[in-house]
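Sequential numbering of the sequence shown, starting at 4, is according to our numbering. Working notes, structure below.
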Amino acid sequence: MTDWVIETRNLKKIYQMGEIEVRALDGIDLKIERGSVVSIMGPSGSGKSTLMNLLGCLDRPSEGEYYLDGIQVAKMKDDELAEVRNRKVGFVFQSFNLLPRQTALSNVELPMRYSGHATRSRKEQAGLALRAVGLGDRMTHKPTELSGGQQQRVAIARALVNDPAIIMADEPTGNLDSKSGREIMELILNLNKTRETTIIIVTHDLLIAEQTQRIISLMDGKVVSEGNPE
Ligand SMILES: Nc1ncnc2c1ncn2[C@@H]1O[C@H](COP(=O)(O)OP(=O)(O)O)[C@@H](O)[C@H]1O
Ligand SMILES: [Mg+2]
Numbered sequence: 004m005t006d007w008v009i010e011t012r013n014l015k016k017i018y019q020m021g022e023i024e025v026r027a028l029d030g031i032d033l034k035i036e037r038g039s040v041v042s043i044m045g046p047s048g049s050g051k052s053t054l055m056n057l058l059g060c061l062d063r064p065s066e067g068e069y070y071l072d073g074i075q076v077a078k079m080k081d082d083e084l085a086e087v088r089n090r091k092v093g094f095v096f097q098s099f100n101l102l103p104r105q106t107a108l109s110n111v112e113l114p115m116r117y118s119g120h121a122t123r124s125r126k127e128q129a130g131l132a133l134r135a136v137g138l139g140d141r142m143t144h145k146p147t148e149l150s151g152g153q154q155q156r157v158a159i160a161r162a163l164v165n166d167p168a169i170i171m172a173d174e175p176t177g178n179l180d181s182k183s184g185r186e187i188m189e190l191i192l193n194l195n196k197t198r199e200t201t202i203i204i205v206t207h208d209l210l211i212a213e214q215t216q217r218i219i220s221l222m223d224g225k226v227v228s229e230g231n232p233e
C-alpha cells in the first residue's frame, strides 16, 4: 500500500472579486507519496502560491478535502491549523526569511519555541540541524555575516528542526547565484534521501524540476500534467 503524506480531493480556492469569481484553484486531486520529492510548475497566475499556501496549512480551501499526514485539515479553525502547521510543515522561501538580529542558532530554534520545547533540548536540536546542513561552525553568525547560500542553509535547518512531515520550498534557489543554487539543490535532495522527508518545490526552473521525482504542472488552477521527468 502506498503511504500518501498528502491527499487532496476536489480542492478549490475561489475568490469573489465583486462580480467576478476567480478560481485560483479549481478542483485539485493530488496524492503525494511519503518520502518523495516533487516539483510544482506553471506560469504566473496558475495557482502555485495558492496551492503552496493550502498544502502548507497557511490557508484553507473554499471547497474540497485535504489530508495531511492522515489529518483532515480543510475545515480546521485557525488555532488548530496553526498547530498542525507548526508540527507538520517546514518552510523554505526564496528570500530566506531569517530574523536579521538573531544568530543562526536562534533562528533555527524558533519553530521549537512555538512548539514548547525546553531551552536545552532546543539548543541541542538546533545545533544538530545546523550540522546536518554543514554549518556546524557558523552557529553564532548573524544572517548578514553569512553568504546567500549559507543563509538558505540556515533556513533549511530551521525547516527541518521540528522533523516535519513535509518541507515546502518556494523557489529555494531563486535568489542565489548558480553555484550556490546547485549546492542548495544538492543539499535538499540529500536530506530527502537520508531523512526521508517529503519535499515539495515550487519552481520556474525546469533544470530544478527535472531533478525531482515528479513534476506537477498547473494551469488556470488545474493540474494539467503530471509526470516522471525520465
Ligand atoms: N488574495 C487573492 N484575492 C484574489 N485573487 C487572488 C488572490 N490570490 C491569488 N489570486 C488570483 O488567483 C490566481 C492564482 O494566483 P497564484 O496562486 O498567486 O498564482 P502563481 O503563484 O502561480 O503565480 C491568480 O489569478 C491571482 O490573481
Ligand atoms: Mg506565486
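Using N, Cα and C, we set each Cβ at its ideal position, and we do this for glycine too. The structure presented is a predicted model; accordingly, all values stated were derived computationally and were not measured.
| Asked | Found |
| --- | --- |
| Among Thr11, Thr5, Met55, the one whose alpha carbon lies nearest that of Arg88 | Met55 |
| Any non-hydrogen atom of ligand 1 closer than 7 Å to Glu212 Cβ | For the sequence presented, residue 212 should be read as Ala rather than Glu. Not under cutoff, so the answer is no. |
| Boundaries (first-last residue) of the beta strand (DSSP E) holding Arg217 | 217 to 222 |
| Cβ neighbours of Ser183 in the same chain (closer than 8 Å, five flanking residues each side left out) | Ser150, Gly151, Gly152, Gln155, Thr176 |
| Reference Leu163, options Lys126, Glu189, Pro114, Gly139, closest by Cα | Pro114 |
| CA nearest to the CA of Leu71, picked from Gly137, Pro167, Met20 | Pro167 |
| Buried versus exposed, by CB contacts within 10 Å (16 or more), Pro103 | exposed |
| Heavy atom of ligand 1 within 7 Å of Val136 beta-carbon | no |
| Beta-carbon proximity check, Lys16 vs Val205, cutoff 8 Å | no |
| Extent of the continuous beta strand (DSSP E) run through Gln19 | 7 to 20 |
| Whole-angstrom distance between Leu14 and Ser220, CA atom to CA atom | 16 Å |
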